[in-house]
Each structure stands twice: as C-alpha cells, then as structure tokens.
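Be aware that the sequence shown starts at 1, since it is given in full-length UniProt numbering, and climbs by one per residue. Ideal placement from N, C-alpha and C gives every residue a C-beta, glycine not left out. Report on the following structure.
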Amino acid sequence: MADYLVIVESPAKAKTIEKYLGKKYIVKASMGHVRDLPKSQMGVDVEADFEPRYITIRGKGPVLKELKTAAKKVKKIYLAADPDREGEAIAWHLAHSLDMKDHSNCRVVFNEITKQAIKDSFKKPRAINMNLVDAQQARRVLDRLVGYNISPLLWKKVKKGLSAGRVQTVALRMIVDREKEIQNFKPEEYWKIKGIFDKGSEEFDASFFELNGKKVDLSTEEDVKGVLKHIKGKDFDVKSVQKKERKRNPAAPFTTSSLQQEAARKLNFRAKKTMMIAQQLYEGIAIGKQGTVGLITYMRTDSTRVSDVAKDEAKQYIQDTYGSKFSANRTTSKKSGNTQDAHEAVRPTSTLRDPKVVKQFLSRDQHRLYKLIWERFVASQMAPAIMDTMAVNLENNGVMFRANGSKVKFPGFMKVYVEGNDDNKKDEDKILPDLREGDKVKSKEIEPSQHFTQPPPRYSEARLVKTMEELGIGRPSTYAPTLDTIQRRGYVALDARKFVPTELGEIVLDLILEFFPEVINVEFTAEMETSLDHVEEGTEEWKRVIEAFYKEFEKKLKIAEEEMKEVEIQDEPAGEDCEKCGSEMVYKMGRYGKFMACSNFPDCRNTKPIVKDIGVKCPTCKEGNIVERKSKKKRIFYGCDRYPTCDFVSWDKPINRPCPKCDSLLVEKKAKKSTTIQCTNCDYKEKQN
1 MADYLVIVES PAKAKTIEKY LGKKYIVKAS MGHVRDLPKS QMGVDVEADF EPRYITIRGK
61 GPVLKELKTA AKKVKKIYLA ADPDREGEAI AWHLAHSLDM KDHSNCRVVF NEITKQAIKD
121 SFKKPRAINM NLVDAQQARR VLDRLVGYNI SPLLWKKVKK GLSAGRVQTV ALRMIVDREK
181 EIQNFKPEEY WKIKGIFDKG SEEFDASFFE LNGKKVDLST EEDVKGVLKH IKGKDFDVKS
241 VQKKERKRNP AAPFTTSSLQ QEAARKLNFR AKKTMMIAQQ LYEGIAIGKQ GTVGLITYMR
301 TDSTRVSDVA KDEAKQYIQD TYGSKFSANR TTSKKSGNTQ DAHEAVRPTS TLRDPKVVKQ
361 FLSRDQHRLY KLIWERFVAS QMAPAIMDTM AVNLENNGVM FRANGSKVKF PGFMKVYVEG
421 NDDNKKDEDK ILPDLREGDK VKSKEIEPSQ HFTQPPPRYS EARLVKTMEE LGIGRPSTYA
481 PTLDTIQRRG YVALDARKFV PTELGEIVLD LILEFFPEVI NVEFTAEMET SLDHVEEGTE
541 EWKRVIEAFY KEFEKKLKIA EEEMKEVEIQ DEPAGEDCEK CGSEMVYKMG RYGKFMACSN
601 FPDCRNTKPI VKDIGVKCPT CKEGNIVERK SKKKRIFYGC DRYPTCDFVS WDKPINRPCP
661 KCDSLLVEKK AKKSTTIQCT NCDYKEKQN
C-alpha cells in the first residue's frame with residue numbers, strides 16, 4: 001500500500017521518476033492542465049476585478065476521478081509538475097480540483113530527472129508559489145481579453161476562424177514589416193576588385209584595400225577603372241605582414257532560444273519539433289539495463305548557468321578523453337536584462353552518456369538532438385581554440401591589396417563542436433604562403449566584379465526566435481507555439497524555410513494596426529513581459545497589470561466595433577477550370593501552404609495540390625512532364641504529371657539534358673557541401689560549384 005501520491009503531467013515522466021521513489025510512492029499523470037478558462041466564452045469577469053472562471057477541461061473527468069480515488073488512499077499528495085509558471089499553475093489547479101486543504105510542503109520541483117535530483121527534491125518540498133501562479137494567470141487572462149474581443153471582430157469583418165493574440169500578432173507584424181522592407185528596397189551598385197597572386201608555386205587571393213593610403217568608394221565601373229590605371233606591371237611589393245594569435249571561445253550551453261536556432265540551422269528542425277523531442281529527452285528514455293532515464297535538463301530556460309556538479313563531471317570527462325590541455329575552468333555567465341535565470345542551461349544530465357553509447361536506444365531525431373545538446377555542453381566547458389592569423393598588404397604604385405589568412409593552431413573546443421550561423425559561412429582555414437616584408441609577388445589576374453546591395457533576408461524560424469528574444473517579446477515557453485499559430489491561421493507561409501506573409505495575414509495586421517496599435521507595438525509587448533516578470537517576483541499585483549491594460553483597450557474596442565469596415569478577400573484565379581463541375585479553380589491558403597480549390601465551394605469540394613513543372617520530359621513514358629511534388633512528410637520529390645498512368649518517381653532532381661556517355665537521364669545529387677550531376681544508368685559524374 002503506497003503512502004504518497006505524486007502527480008506529474010505526462011505518463012513518460014511518471015514512469016521515469018516512479019522507479020527512483022520506491023514502493024511507498026505511487027506516481028500518476030494529470031495529462032497537463034485539468035482546469036482552464038472555458039473555450040465557448042470569455043471566462044473572465046471584467047466587472048468583478050477580472051476574476052477568471054475556471055472549469056474542468058472537457059475529457060479530463062476520468063483522469064480527475066482516477067486521481068481523486070488515488071488521493072483518498074494516501075497520507076500525502078506531492079505535486080511535481082514542470083518547474084516553471086505553467087507547471088506551478090498546473091499544481092495549483094490540481095490542488096483545487098483535489099480539494100487539498102494543506103498546500104504547504106506539497107510542491108516538488110527538479111531541473112533534471114535523475115535519481116539524485118529526484119531524491120533531493122523530495123527532501124525539500126515547498127508550498128505552491130502563488131507569484132508564479134499569478135504570473136501565469138495574468139498571461140492567460142490578458143491573452144483571453146485580447147483574443148476573445150478582437151477575434152469575433154475579425155470573424156465579422158473578414159472571415160470566420162481568424163484569431164488575434166498579443167504575441168502572435170507582434171510576430172506577424174515583424175514578418176510583414178520585413179517583407180515591406182524587401183519590396184521597398186532599392187539596390188545600389190558597388191564593385192570589388194579581387195586579385196590572384198603567386199609566390200613561387202603558391203597561389204593566394206587578395207582584395208583591393210586602398211589607393212595612396214586612402215579608402216576609395218567603388219560605386220561604378222569608372223571608379224574601378226580609376227584604380228586599375230594606377231597599377232604598373234604585375235609585380236607587387238609585400239609592404240607589411242602582421243601575424244597574431246587569436247583566441248576563440250566556445251558558445252555557451254543552450255538556452256531554449258539558442259537550442260531552437262541551432263536545431264533549425266544544423267538539423268532542419270522546426271521550433272515545434274525541437275521542443276517536442278526535447279520534452280521526450282527530458283521526461284525519460286529507456287536506456288537498456290539502466291531503465292528509463294531523463295537524458296537532458298529542463299528545456300524551457302533562458303539561462304546559461306551550469307551546476308558545479310555538472311561542470312566537474314564534464315571537466316573530468318574532457319581530461320580523460322582529450323587530455324588536460326583541452327580542459328578549462330568556466331565561470332558562470334552573468335544574467336542579462338531579460339533573463340529570468342530560473343533554471344540551468346539545457347545540458348545532458350550526465351556527460352558520461354556519450355551520444356554514441358545511447359544511440360541504439362533513441363530514434364534518429366532523438367539521437368540527433370541529444371548529440372547536438374551533448375556536444376554543445378561539452379564544448380562549452382573546453383579550452384578556447386587558438387588561431388594563427390595573418391594580414392598581408394601588397395602594393396603597386398600606391399594601389400594596396402590586402403590578404404587575410406588564418407589557421408587553427410590549437411583546436412580546443414572545436415575538436416567537439418562549432419556553433420552554426422544564419423549566413424551559412426564556413427569555418428575553413430585560409431592559409432597564406434610564408435610572406436615577409438620586402439618580398440615581391442606577381443599578380444596572375446586582377447578581376448573586377450559588379451555587385452548590388454541585397455535587401456534584408458526574410459525571417460527563418462531561427463532568425464525570428466533570435467530577434468524576438470533580443471526584443472524581449474515572449475518567453476522560452478512561447479516561441480514555438482507562437483510560430484505554429486501564425487502558420488495554422490494562414491497568416492504566413494514558409495517559402496524555402498523563410499516566412500512570407502499571406503494576403504490574409506496582411507489584411508488582419510492592417511485592421512489590428514489601425515484600431516489596436518498598442519497590442520502590436522513591440523515596445524509595449526516587451527514591457528508587458530517585464531510586468532509579468534514583476535508579478536512572478538511579487539513586486540506587482542496581477543490584476544492591477546490587467547486593469548492598466550484594459551482601460552485603454554476597452555475604449556479602442558468600442559471604436560473598432562463601430563468603425564471597422566468589412567473586408568472581402570478575393571480569391572486569386574488559378575487559370576484552369578475544375579474537372580468535376582467546370583467552375584473556375586482558385587488559389588487558397590491552407591495550413592500547409594497554397595493549394596487549388598473549386599470556386600463553387602461548398603457545392604463542389606474539389607481540391608488539387610499545386611505542382612511545379614521543372615521543364616524536363618518524363619524518361620519513362622516520353623509523353624508527360626516531370627513535376628515537383630511533396631511527400632506526406634513534406635519532402636520534395638519528382639514524378640511524372642501523368643501519374644498514376646506513369647509511375648516515374650525520383651528523389652533527385654532530373655536535369656534537362658541527356659548523359660553524354662549513354663544518353664540516359666541525368667539527376668542532381670545534393671550533399672551538404674557540394675552538388676554532383678550523375679547519370680541514373682552509367683558511372684558518368686560531374687561536379688558543380
């Protein structure tokens with residue numbers, strides 16, 4: 001007979017911690033929240049000081065009944081939901097639903113699901129932290145007041161099914177504003193002059209730097225000619241050689257934001273997928289004879305802090321594996337302005353669980369994400385890399401070219417991991433010949449090239465999360481759901497993994513911007529996040545935060561209800577007729593992007609995917625054209641447009657020319673760093689730049 005009932009959110013978490021607690025404990029899962037505001041109505045009494053009205057979530061009756069039955073049979077109940085605002089609120093709602101009279105010493109929290117962390121947490125249970133609960137209530141009520149007041153307006157004036165949210169609309173605004181920047185961008189011409197030089201048998205390149213000791217703006221071809229006319233002959237003098245040793249420090253361990261960014265760059269994971277897999281790794285995976293083990297610490301954090309125990313274990317591992325010179329004494333990083341610092345960084349619960357060892361127990365995606373987290377943490381505890389850098393100035397009649405080179409002298413942390421970047425720059429050694437001041441080198445080629453300035457890039461998920469974090473919009477737990485919501489609502493679409501606003505998104509934004517500018521003001525949203533942090537710290541009362549917001553919001557709401565005009569969204573013609581009823585087909589925007597639908601909906605429900613003709617004839621039937629399609633898992637493949645009559649299919653992109661050796665189909669095979677054209681029939685290959 002168990003003496004204690006422990007309630008967590010998920011069955012996986014329950015299974016993991018149950019084995020650490022012994023027979024006196026029974027562990028059950030609440031399956032997330034058991035109470036919430038009602039879906040069918042506002043659920044907030046504005047007249048009664050914004051009092052929320054909570055109800056049992058539909059479908060949670062059997063779960064609650066099971067928990068109540070178990071609660072009657074034990075001496076004490078422990079609430080062990082996740083260690084954040086949401087987890088604290090789940091614990092508070094459970095205490096209410098189970099009619100727990102004594103809230104003192106019922107709450108246990110742990111940053112990692114390991115035997116020691118679990119046992120330590122049960123030695124020091126605490127009361128439910130009402131400041132954390134109130135901060136979550138404030139966010140929930142605030143979002144409900146915004147969403148349940150603006151959304152019905154959008155249904156009435158635009159179309160049903162739309163929604164408006166405090167953070168999601170700001171994210172939408174950022175995407176729309178960036179698109180306008182791109183559309184309004186006027187490219188400016190500029191030129192570069194690159195030279196290929198050789199010293200003996202060694203070639204290297206250098207770029208134009210200055211003329212007669214002054215910088216020259218190369219805006220036109222005439223500017224370039226003005227520089228080139230000064231060059232006399234092919235000999236250049238080595239005017240100066242600067243050699244330096246530079247240290248490069250490793251990146252800090254992951255926060256939620258940096259984990260989502262790096263998983264997007266290196267693994268092509270969406271933010272939602274990253275958090276789903278991280279949750280699995282945190283809650284526990286069955287690792288052979290060890291049983292179910294939590295592999296990483298809690299994944300919702302904005303801190304890079306690491307415990308001394310974890311540092312010491314990592315230090316020992318690094319010394320044993322790579323040698324003492326690769327080890328470093330890392331200090332705890334300072335807390336920045338927007339950082340709550342409630343939890344440690346995202347790290348492996350034990351450095352000794354090498355990704356290679358646990359690989360057999362993980363799915364492919366679980367292993368890839370765990371490996372990324374493990375490598376980032378281990379590298380963060382290693383010595384800096386040491387780079388030998390070299391800067392050389394080459395001069396001919398006052399025309400100066402500069403060459404820069406670097407090579408790794410000591411790899412340090414780079415032996416394990418190097419942080420990615422959004423610009424796809426490669427970390428490669430660029431080694432220059434052994435040059436000395438006074439040497440002469442010959443120019444083999446001086447090549448001017450014309451360029452034009454580029455507009456700012458569209459936001460990828462990684463770049464948008466990074467920008468939101470920098471601006472203080474949202475918190476670690478809100479990034480992934482925010483990006484998911486604006487896509488599900490059809491406000492944005494992904495084009496080459498970059499966000500593009502839809503016409504619907506722009507219409508919704510314009511309406512909200514006209515009548516509720518404060519709701520989508522970046523500074524206001526960031527200030528509201530700070531106010532919620534103050535509620536958590538106990539320095540502000542949550543209902544006063546809501547009251548201050550609602551006074552102005554209510555006035556704007558009344559104006560919008562009277563003055564907002566109806567907007568009719570015209571569907572874009574697709575240029576073909578419906579094969580079922582003959583009506584015109586139009587483009588529609590769905591959850592997964594654009595598709596074609598019959599304009600005679602709902603009488604005709606015909607829909608078709610949009611396929612892209614790549615301009616290559618089908619090699620199988622010789623009649624159809626090859627088109628680009630997407631699999632159920634959104635992977636691009638190529639097939640004949642006469643399918644199912646013709647079953648030609650290829651994962652590799654076909655090329656519109658035959659193999660020069662056997663006249664068969666050529667395809668483009670892409671690897672991480674190169675692209676190869678190869679024949680589908682013989683051994684012909686050609687490398688692409």
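Just to confirm before moving on: does the CB-CB distance between Cys659 and Cys640 stay below 8 Å? no
Report the residue from Thr525, His96, Lys13 and Arg497 whose alpha carbon sits nearest the alpha carbon of Phe269. Arg497
DSSP beta-bridge partners of Pro654: Val667
Own chain, CB closer than 8 Å to Lys232, minus 5 neighbours either side, in chain order: Asn396 and Asn397
Cβ-based neighbour list, Ala2, same chain, cut-off 8 Å, excluding 5 preceding and 5 following: Lys23, Lys24, Tyr25, Ile26, Lys73 and Val74
On the DSSP bridge list, what partners appear for residue 690? The question about residue 690 has no answer, for the chain in this structure spans 1 to 689.
For the beta strand (DSSP E) that Thr676 lies in, which residues bound it at each end? First-last of the beta strand (DSSP E) with Thr676: Thr675 to Cys679.
Taking the DSSP output, what are the residues bridged to Asn396? Val399
Confirm, please, whether the CB-CB distance from Ala391 to residue 691 is below 8 Å. Nothing can be reported for residue 691, as the shown portion of the chain is limited to 1 through 689.
Under a three-way DSSP split, which group does Arg488 fall into? helix
Presumed contact (8 Å Cβ cut-off) between Ala345 and Thr274, rounded CB distance: With a Cβ gap of about 15 Å, Ala345 and Thr274 do not count as contacting.
Own chain residues within Cβ distance below 8 Å of Pro125, not counting five before or after: So the list reads Tyr78, Asn105, Cys106, Arg107 and Val108, once near-sequence residues are dropped.
Reducing DSSP to helix, strand and coil, say where Met276 ends up. Here Met276 sits in helix by DSSP.
Hey, Ala264 and Ala462: beta-carbon distance below 8 Å or not? yes
Less than 8 Å between the C-beta atoms of Ala314 and Phe410, yes or no? no
Would a C-beta distance cut-off of 8 Å place Ile473 and Ala526 closer than the cut-off? yes
Would you call the region 156–174 in contact with the region 128–136, where contact means no fewer than 3 C-beta pairs closer than 8 Å? The region 156–174, when compared against the region 128–136, does not touch it at the 8 Å Cβ threshold.
Tell me which same chain residues have a C-beta within less than 6 Å of the C-beta of Lys244, skipping the five on either side of it? Within the same chain, Lys244 has close Cβ partners Thr389.
Roughly how many whole angstroms lie between the Cα atoms of His534 and Trp542? Computed Cα separation, rounded: 9 Å.
Excluding five sequence neighbours on each side, which residues of the same chain lie with their C-beta closer than 6 Å to the C-beta of Cys581? For Cys581, where only same-chain residues beyond five positions count, the Cβ hits under 6 Å are Asn600 and Cys604.
Between Ala138 and Leu532, which are expected to be in contact by the criterion C-beta below 8 Å, what is the C-beta distance as a whole number of angstroms? 6 Å
Quickly, what does DSSP pair Ile26 with across the bridge? List them, please. Answer is Leu5, bridged to Ile26.
Residues in the same chain with beta-carbon distance under 8 Å from Lys272, minus the five sequence neighbours each way, listed in chain order, please. Take Lys272, set aside five residues on each side of it, and the residues of its chain with a beta-carbon closer than 8 Å to its own are Ala480, Pro481, Leu483 and Asp484, in chain order.
In whole angstroms, what separates the C-alpha of Asp32 from that of Ile90? It is Gly, not Asp, that sits at residue 32 in the sequence shown. Using only the alpha carbons, I get a separation of about 7 Å.
Nearest to Pro476 by CA position, among Pro11, Ser240 and Ser257, is which residue? Ser257
In chain order, what residues of the same chain have a beta carbon less than 7 Å from the beta carbon of residue 722, not counting five sequence neighbours either side? As displayed, the chain neither begins before 1 nor continues past 689, which places residue 722 out of reach and without an answer.
Alpha-carbon to alpha-carbon, Ala70 and Glu179: 55 Å
By the 10 Å Cβ neighbour count, where 16 or more other Cβ atoms means buried, how is Trp155 classified, buried or exposed? Under this definition Trp155 is an exposed residue.
Identify whether Tyr190 lies in helix, strand or coil by the three-state DSSP scheme. strand
3 or more residues per run - each beta strand (DSSP E) lying fully within the region 178–251: 189–199, 202–211 and 235–248
What residue from Ser307, Leu211 and Val241 has the CA that sits closest to Arg347's CA? Ser307
For Ala127 and Trp92, what's the separation of their Cα atoms in angstroms? 10 Å
Counting along the chain, where does the alpha helix (DSSP H) carrying Ile546 start and finish? Counting along the chain, Ile546 sits inside the alpha helix (DSSP H) bounded by residues Trp542 to Glu563.
Alpha helix (DSSP H) segment containing Asn131, residue limits: Per DSSP, Asn131 belongs to the alpha helix (DSSP H) from Met130 to Lys157.
Bounding residues of the alpha helix (DSSP H) (the contiguous stretch that carries Asp533): Val522 to Glu537
Assign Glu686 to one of two classes, buried (16 or more other C-beta atoms within 10 Å of its C-beta) or exposed (fewer than that). exposed
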